[in-house]
Amino acid sequence: MIIDVTGIKLTPGNGGRDCLGNGRHFDENGRPYECCCDECNYMLCCIDAAGDMDCGECGDTDCPRKIKFTS
54 MIIDVTGIKL
64 TPGNGGRDCL
74 GNGRHFDENG
84 RPYECCCDEC
94 NYMLCCIDAA
104 GDMDCGECGD
114 TDCPRKIKFT
124 S
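Residue numbers for the sequence shown follow the working numbering, beginning at 54 and rising by one.
And the structure:
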């Protein structure tokens with residue numbers, strides 16, 4: 054799991070639609086979560102329009118979209 058410095062759980066990929074830090078989601082009190090995109094280390098995973106990002110080559114073991122390989 055990736056946690057932003059503000060404490061928001063980040064979920065990169067899928068055009069950013071699933072990420073609580075995209076500025077479009079609200080907490081349990083109805084307040085919007087802060088948009089974290091401009092400072093996010095995973096923003097390229099969200100804006101990869103061509104679908105060229107290869108999660109199998111990603112070295113971040115905390116990413117929730119990381120493909121888990123078993124040998």
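Just so it is clear, CB atoms sit at the ideal spot from N, CA and C, and this is done for glycine as well.
task = Name the two residues that bound the continuous alpha helix (DSSP H) containing methionine 54.
result = Note, methionine 54: premise wrong, no alpha helix (DSSP H); not H, not E.
query = Which same chain residues, not among the five before or five after isoleucine 61, have their C-beta less than 8 Å away from its C-beta?
reply = Leu73, Gly74, Tyr86, Glu87 and Cys89
ask   = For proline 47, which residues does DSSP report across the bridge?
value = The chain is shown only over 54 to 124; residue 47 falls outside these bounds and no answer can be derived.
ask   = Rounded to the nearest angstrom, how far is the Cβ of asparagine 54 from that of aspartate 113, given a contact under 8 Å?
value = The amino acid occupying residue 54 in the given sequence is methionine; asparagine does not appear at that position. Going by Cβ atoms, the distance from methionine 54 to aspartate 113 rounds to 11 Å, so no, they are not a contact pair.
query = Taking all protein chains shown into account, do 16 or more other C-beta atoms lie within 10 angstroms of the C-beta of threonine 125, making it buried, or fewer, making it exposed?
reply = Since the first residue of the chain shown is 54 and the last is 124, residue 125 is not available in this structure.
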